[in-house]
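The structure appears right after this line, and notes come after that.
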Ligand code: BGC
């Protein structure tokens, strides 16, 4: 998850800073957290479509899958099978709360190390799983890793990156997630023919990013912001010199110090978040995450191989199709990296909504007309559906995917930023959990109608993006309220002059008369 947020705002100033080897190496190491997350997203769909895996843990689903008379749409409808995928997100929601505390109290580095440990334990339990509880506990551990990793990694990258490279590095994190998904798809394609343990290799493959993250996090530096925030000012100054590759960092140091002092005074971020003047950002940030998930993207990311098998494609063709959609996902993310600051957020969101709407409708119509309860559709139509899914995924990858994370990280003012972002991240995980847990059952009951269900959501989100979202391109985070929200035709009414300063700031001892 490409969450990106700074714990303190550096006043929007651009300090002279090179993109040093330190920053690059540390970012790469930290980004293994993104790779790990992506791998976990992508691996479950392929594994749940493998017969050896089903036979061992879900024999009922295996029997259903191979029963000639079984309804096409219901072959995989099983709550426990869905729990295998969804449990990870449940654990991630719970753990991201503790992770945000851990990040603040102990720093980004130990939080990442904790994530790596959870990841590693989860991988071992999954790869060696002898029964269903072991498998689910493994997924819960991976979820804990995701919760800790997704909180610490983006924060870490944002804090060490020189300001002018921050936007690009942010979306690169999403890029690594998509690469993780792609790696998982490729691994599944090759392991599916290794009987009977191919699924163990697939699940065990996640050990690589986990080990890299764990070992790498031993050598990276803690962020200057985190050190200064925790009172280790001299260490903070030294760390800043190291990552900037120069001695003259006093200006940036002073700014971080100033910002951490301001941030420390804000004792009730959640209370501030509930104020009327925080509502526009809270509503938009949260709803963007809900919309991101209700595009239906994770139906494809989690269940593409299962979906393709439902349509009658063979096991290999299904896994290969997942590799194709995974590649489209990765390549299209590049468009976001280069386009987001040129054409703006709103254009990408609205254009992609249109593209995704059309592809969902075409998919729905093809399935409604051709895939009945017990037949299989012609290869010809199956491949049109695969193409439509690629069109859908590409639209998502250059818009709602990365921007679903980028926008919530840039629209909150300092006093509510961490709290607001935490809300947004949690909403994402909750909605991901709902989709993962409900999709196969919804597919069984709604059949092709499920695609029209997502199409309806996409229509609504396209309209909302066009009319309710302010354009944030090129506006510094500091000036967001003034230049974006207070100028927006709808949201400006939330900023009454007597409401503007309604931030709860605990008076410090010096401030007291
Ligand atoms: C979403 C994930 C999704 C991924 C696909 C991310 O932005 O948060 O839920 O699986 O994109 O690339």
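Numbering (the working numbering), first residue to last: 1 to 513. Note that beta-carbon positions come from the ideal geometry of N, C-alpha and C, so glycine has one too.
The alpha helix (DSSP H) enclosing residue i, as first and last residue numbers
i	result
residue 45	21-48
residue 346	345-370
residue 146	132-160
residue 254	250-265
residue 326	315-339
residue 283	279-293
residue 271	269-273
residue 298	297-310
Distance cut-off 7 Å: residue i Cβ against heavy atoms of the ligand BGC
i	result
residue 234	no
residue 238	no
residue 185	no
residue 292	yes
residue 404	yes
residue 401	yes
residue 298	yes
residue 461	no
residue 397	yes
residue 301	yes
residue 432	yes
residue 41	yes
residue 181	yes
residue 174	yes
residue 407	no
residue 170	no
residue 157	no
residue 362	no
residue 549	Since the first residue shown for the chain is 1 and the last is 513, residue 549 is missing from the structure and cannot be characterised.
residue 428	yes
Short Cβ contact (8 Å threshold) for residue i with residue j
i	j	result
residue 424	residue 286	yes
residue 143	residue 95	yes
residue 87	residue 136	yes
residue 213	residue 116	yes
residue 332	residue 398	yes
residue 157	residue 30	yes
residue 329	residue 435	no
residue 259	residue 200	no
residue 91	residue 138	no
residue 276	residue 494	yes
residue 108	residue 233	no
residue 294	residue 390	no
residue 65	residue 75	yes
residue 93	residue 347	no
residue 359	residue 392	yes
residue 193	residue 323	no
residue 382	residue 443	no
residue 454	residue 326	no
residue 336	residue 171	yes
residue 155	residue 262	no
residue 416	residue 202	no
residue 448	residue 367	yes
residue 487	residue 345	no
Supposed close pair residue i, residue j - CB separation, criterion 8 Å
i	j	result
residue 150	residue 37	6 Å
residue 46	residue 319	6 Å
residue 302	residue 85	5 Å
residue 400	residue 349	6 Å
residue 39	residue 180	4 Å
residue 288	residue 404	5 Å
residue 34	residue 173	5 Å
residue 27	residue 169	6 Å
residue 418	residue 269	6 Å
residue 315	residue 49	7 Å
residue 364	residue 291	Residue 364 to residue 291, Cβ: 19 Å. No contact.
residue 437	residue 83	7 Å
residue 480	residue 410	7 Å
Residue i Cβ short of 7 Å to the ligand SAM heavy atom set
i	result
residue 329	In the structure on display, the ligand SAM does not appear, and the ligands it does have are the ligand BGC.
Cutoff 8 Å: residue i Cβ touching any chain B Cβ
i	result
residue 155	Of the protein chains in the structure, only one exists, and it is not chain B.
inquiry  = Quick check on the DSSP output: what are the complete alpha helix (DSSP H) runs of length 4 or more inside the segment 383-412, in order along the chain?
reply    = 400-411
request  = Report the residue ranges of all alpha helix (DSSP H) runs contained in full by the segment 52-109; include only those spanning at least 4 residues, in chain order.
outcome  = 59-66, 79-106
ask   = Residue ranges of each alpha helix (DSSP H) run of no fewer than 4 residues wholly in the segment 152-238, ordered along the chain?
value = 166-191, 198-204, 207-219, 224-229
key: Secondary structure, alpha helix (DSSP H): runs of 4+ residues fully inside the segment 424-499   = 449-468
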